[in-house]
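Chemist: Below is one structure. I have some questions about it.
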Amino acid sequence: MQTNEDRIKELEEEIRKTPYHKGTEHHIGKLKARIARLKEEQIEKAFKGKGGGGGGYAIRSTGDATVVLVGPPSVGKSTLLNRLTNADSKIGAYDFTTLNVIPGMLDFKGAKIQIFDVPGIVSGAASGKGRGKEVLAVARNADLIVIMVDIKTVKLIPQIIGELREAGVRLNEKKPEVTILKKPSGGIKVNSTTSLKLSYDTIRSLAGEFRLANAEIIIKEDITLDRLVDAFIGNRVYLPFVVVVNKIDLGSRGKEIPEIEGEKPIFISSQEGKNLETLKEEVWKRLKLIRVYLKEGENIDYDSPLVIKEGLSLREILENISLRNKENLNSAKVFGPGAKYPGQEVSFSFVPLDETVVQFVS
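Count along the sequence shown from 1, then add 1045; that gives the number in the numbering used here.
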């Protein structure tokens, strides 16, 4: 009996043999949709086919953001975690030292950033090999992925990115600008706000492959087949990532490593503590966190900033904090970054910058 893996290989081979042009776009789209569905079935089977994963995998996220260290075994992730946080991750010079997820908390710029050290990723992780299902489940729930290798395992970075992709993680990609509204009748209607290279027939065909019979599909980007397939599947995770090359104290080859997937690697030595401040700054930058200081009367609380995602308005901030007589507040005064002048009065639609001081007023 033909397995999913055999069928996937057949379909991939058919795509390789089929030249891509307008005449074949419809057919290739259907093939890619079938491959995506078969791979989803494979991953779901791997995740359900094993037990709960053992101690350490029932993780609990705390703090302002979550970072996951992902990489092959024994590249120094545990040492780095211990350097950055107060965690106690066992360290050893042999593979699979970390058998559970080890959390630690990095205090940086007033933020509490939780970092998880997970077992090393091996080839086939997305299908469950080497505790891969548990590792990738943790990675999917991160705010940032740090792909960590050493100077001897740099060549494994594409493989790690591939395993993450197989598990539905899209690195440094924006979520497709596609809205799918299911309807009780009327067939498939496609509306776009921009010109599309894909034909409407191809889009309707893909919808059929994902068992959509009645829906309105609204597309706001010149979407590719692969991104449209991701939009139909709907369970993809879109995360930023940082590439870290460890153990530069052991040689100079790391300096010759080019950009990877558009990312310039950060070279560190977790053993000697080299370039860790650079890494912290990059993590902060990629998480897109900002600090907002609250002012009550003449007092400004610089010791306990609100740490939030950049781009939030004062209204959104106010909804998520506890203040006395919150219902009576109707505006705010802002000082520092983002303010045109000290004490500028603004509405709740104002979006603060990093280290803006805010005083809510009634």
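Using N, Cα and C, we set each Cβ at its ideal position, and we do this for glycine too.
This structure is a prediction, so every number in the text was calculated from the model and none was measured.
On the three-state DSSP scale, how would you describe K1330?
Modeler: Helix at K1330.
Chemist: Just to check my reading of the structure: V1274 and L1251 have Cβ atoms closer than 8 Å, yes? What is that Cβ distance to the nearest angstrom?
Modeler: Between L1251 and V1274 the Cβ distance is about 7 Å, and since that is below 8 Å, they are a contact.
Chemist: Round the Cβ separation of F1286 and A1078 to the nearest angstrom and send it over; I've been treating them as touching at under 8 Å.
Modeler: That pair is no contact at about 27 Å.
Chemist: Nearest by alpha-carbon distance to Y1283: which of E1050, S1315 and E1218 is it?
Modeler: Closest option to Y1283, Cα to Cα, is E1218.
Chemist: Just to confirm, are V1120 and T1198 a CB contact at a threshold of 9 Å?
Modeler: Yes, Cβ-Cβ distance for V1120 and T1198 is below 9 Å.
Chemist: Determine, using beta-carbon pairs with one atom in the stretch 1149–1157 and one in the stretch 1305–1323, whether at least three such pairs fall under 8 Å.
Modeler: As far as the Cβ criterion goes, the stretch 1149–1157 does not touch the stretch 1305–1323, which means the pair count is below three.
Chemist: According to DSSP, is S1314 part of a helix, a strand, or is it coil?
Modeler: S1314 falls in the strand class under three-state DSSP.
Chemist: Could you please give me the residues that DSSP links to Y1338 through a beta bridge?
Modeler: Bridge partners of Y1338: V1402.
Chemist: Can you tell me whether DSSP reads E1261 as helix, strand or coil?
Modeler: Note: E1261 maps to strand in three-state DSSP.
Chemist: For D1275, name the three-state secondary structure that DSSP assigns.
Modeler: Reduced to three states, the DSSP call for D1275 is helix.
Chemist: Just tell me which of L1126, G1116, A1110 and R1360 has its CA closest to the CA of Q1159.
Modeler: It is A1110 whose Cα lies nearest to the Cα of Q1159.
Chemist: On the DSSP letters alone, give me the boundaries of the beta strand (DSSP E) that I1225 sits inside.
Modeler: I1225 -> beta strand (DSSP E) spans V1223 to K1227.
Chemist: Nearest by alpha-carbon distance to L1181: which of E1355, L1368 and G1165 is it?
Modeler: When each option's Cα is compared against that of L1181, the closest is G1165.
Chemist: Hey, could you find the ends of the beta strand (DSSP E) T1111 is sitting in?
Modeler: Where T1111 is concerned, the enclosing beta strand (DSSP E) stretches over A1110 to V1115.
Chemist: Between A1258, G1068, L1270 and N1373, which has its C-alpha nearest L1241's C-alpha?
Modeler: Taking only the C-alpha atoms, the option nearest L1241 is L1270.
Chemist: According to DSSP, is K1309 part of a helix, a strand, or is it coil?
Modeler: In the structure shown, K1309 sits in coil (DSSP, three-state: anything other than H, G, I, E or B).
Chemist: Whole angstroms is fine: what's the gap from R1210's alpha carbon to R1281's?
Modeler: So the alpha carbons of these two residues sit roughly 9 Å apart.
Chemist: Note down the Cα distance separating S1392 from A1377, rounded to an integer number of angstroms.
Modeler: For S1392 and A1377, the distance between alpha carbons rounds to 6 Å.
Chemist: Can you give me the C-alpha to C-alpha distance between Q1316 and I1060, rounded to a whole angstrom?
Modeler: Approximately 46 Å, taken between the alpha carbons.
Chemist: Please report the straight-line C-alpha distance between S1237 and R1185, rounded to a whole angstrom.
Modeler: Those two C-alpha atoms are separated by around 30 Å.
Chemist: Comparing alpha-carbon positions, which option in V1288, S1407, G1207 and G1068 lies nearest G1307?
Modeler: When each option's Cα is compared against that of G1307, the closest is V1288.
Chemist: For Q1204, which three-state DSSP category applies?
Modeler: Three-state DSSP puts Q1204 in a helix.
Chemist: Please work out which residues of its chain come closer than 6 Å, Cβ to Cβ, to I1053, disregarding the five sequence neighbours upstream and downstream, and give them in chain order.
Modeler: Cβ neighbours of I1053 beyond the five flanking positions: I1080 and L1083.
Chemist: Under 8 Å: does the beta carbon of G1318 sit that close to some heavy atom of the ligand ADP?
Modeler: As far as ligands go, the structure on display features none, and thus does not contain the ligand ADP.
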